[in-house]
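In terms of this note's numbering, the numbers along the sequence shown are unbroken and rise by one, the last being 411.
Here is the structure we will look at, set down as structure tokens.
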Amino acid sequence: MSLQPELLELLACPQCKQPVEMSGDEAVHCCSCHSRFPVRDGIPAMLVYRNDGKPNEATPHKSLLPGSGPLLILNDGKPGHVNQSLAFAKLLNRDYRLLDVGFKYRTSKGFSYVADRFGFYSPRFFMADIPTDHYDAVVSAGSETYYANRTLSRCLGCKSVAIMMPKSYRLDFDLIVAQQHDNPPAQANIVSVPINLSFSQPQGVVTPVTAERYIALIVGGDSAQQKLDVDLLRQQVEKIMPLFPEHKVWLTTSRRTPVAAEQMLRDYPFTDPIWYSENPVNPISDYLHGADYVFVTADSSSMISEAVSFGNACVEVLPLSVPMPTRGKFFRLLSRLETMDCLHVFDGSCRSCKKKVDLCFILNKPK
45 MSLQPELLEL LACPQCKQPV EMSGDEAVHC CSCHSRFPVR DGIPAMLVYR
95 NDGKPNEATP HKSLLPGSGP LLILNDGKPG HVNQSLAFAK LLNRDYRLLD
145 VGFKYRTSKG FSYVADRFGF YSPRFFMADI PTDHYDAVVS AGSETYYANR
195 TLSRCLGCKS VAIMMPKSYR LDFDLIVAQQ HDNPPAQANI VSVPINLSFS
245 QPQGVVTPVT AERYIALIVG GDSAQQKLDV DLLRQQVEKI MPLFPEHKVW
295 LTTSRRTPVA AEQMLRDYPF TDPIWYSENP VNPISDYLHG ADYVFVTADS
345 SSMISEAVSF GNACVEVLPL SVPMPTRGKF FRLLSRLETM DCLHVFDGSC
395 RSCKKKVDLC FILNKPK
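Written out as structure tokens, the structure is:
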């Protein structure tokens, strides 16, 4: 039974004291630590300890990855890849160790495709120290890691988990967590998710002032398909500001933001703006938890995924140029999320699109 919104606003997670929201009609979900509490006959069971001394009710569903041991995460040096693997571990509440890996030679990757086809796995193809500790699984994302994943999981006698579709390799990993916009095939070992894996917690980079209301602009830069149109971005800012006359406006740029765009944005009276070129910090999680609306440029599936999976903010996506591309997996991602009411592509007006993708629930439910 779903709770009334007025009651939900009064509740806080007993574990971390952060806001909670409904997850379906039968559970309350913490927006921060992702604990889940059942709702029984309209009453949320949220005690840390019951009167009989048994553990609290915030126990996860049986995971797609059984066990409670640590995970070995392979790092190819690409933040977009390793962050998804880290999110997988954090969403499952698992300890982990990072291990740097890479192919030894330029030709090693091509040989690894052939070796994988024939079921031949050898550490001679890649650079990594072979660990001796126990792990429940080897987890990795990115084509530079999948062969090492298969090899190390065999050496360690544990499961292999691929994040994203391991294209050009065999799809017989123990578990593959693949984004729906990559059109994964229907297989028993493949779990399809609508967005990139992401884990977010407020960092205290910015702190909202009590009684003030905020919106936030998250400005990226050029993507593989488009270049950021600075004049269009100016027009978008000019349209956004009058829609929220009573709100403070947060802003952050990123490492991809063009110099011309940053110079243009400095003309506006933002509250506590963060210029990445001067202060390379990431306030996005704070924005998602403290703003009513978040406006994100359409250049990063990682930023979009984080925005639609955490916090309470309505999400508006700012096109980089007009017209927006209508083909490709990024367009498929936006279209799917807009259909789900998780976001709205900004057209001069805003919609109340604040539904969130519950990755914790997806990964912690039995397949």
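The beta carbon of each residue, even a glycine, is placed where N, CA and C say it ideally should be.
In the DSSP assignment, Ser197 falls within the alpha helix (DSSP H) that extends over 190 to 200. Pairing Ala335 with Ile259, the inter-Cα distance amounts to about 5 angstroms. Annotated three-state conformation of Ala133 is helix, per DSSP. Short of 6 angstroms from the beta carbon of Val263, and not among the five residues preceding or following it, lie these beta carbons of its own chain, in chain order: Thr297, Thr301, Thr341. Counting along the chain, no alpha helix (DSSP H) covers Phe217, and no H or E run does either. The Cβ atoms of Val366 and Leu272 lie no closer than 8 angstroms to each other. The closest CA to that of Pro286, considering only Asn323, Lys400, Ser393, is found on Ser393.
Taking a 10 Å sphere around the C-beta of Asn323, we find fewer than 16 other C-beta atoms and assign the residue as exposed. Distance from the CA of Gly113 to the CA of Ala255, rounded to the nearest whole angstrom, comes to 44 angstroms. Between Val145 and Leu118, the gap from beta carbon to beta carbon is short of 8 angstroms. Excluding the 5 residues flanking it on each side, Val352 has same chain C-beta neighbours closer than 7 angstroms at Ile239, Val359, Leu381, Cys386, Leu387, Lys400, Val401, in chain order. Note on Glu188: 16 or more other CB atoms within 10 angstroms of its CB, so buried under the neighbour-count rule.
Under a 10 Å Cβ-count criterion, Ala304 is classified as exposed, with fewer than 16 other Cβ atoms of the shown protein chains found around its own Cβ. Per DSSP, the continuous alpha helix (DSSP H) segment holding Leu332 begins and ends at 328 to 334. Burial is judged here by how many other beta carbons sit within 10 angstroms of a residue's own beta carbon; His125 has at least 16 and is buried. Lys203 is not a Cβ neighbour of Asp177, given a cutoff of 8 angstroms.
With contacts defined as CB atoms closer than 8 angstroms, Trp294 and Val361 fail to qualify as a contacting pair. Distance from the CA of Arg376 to the CA of Asp226, rounded to the nearest whole angstrom, comes to 9 angstroms.
DSSP places His125 in the helix class (H, G or I) of the three-state scheme.
With contacts defined by Cβ atoms closer than 8 angstroms, Val64 and His73 form a contacting pair. Considering only Arg257, Asp266, Met66, Leu219, the residue with the shortest C-alpha distance to Ala89 is Met66. The three-state secondary structure of Ile117, taken from DSSP, is strand. Around the beta carbon of Lys373, fewer than 16 other beta carbons lie within 10 angstroms, which makes this residue exposed. By the neighbour-count definition (other C-beta atoms within 10 Å, threshold 16), Asp216 is an exposed residue.
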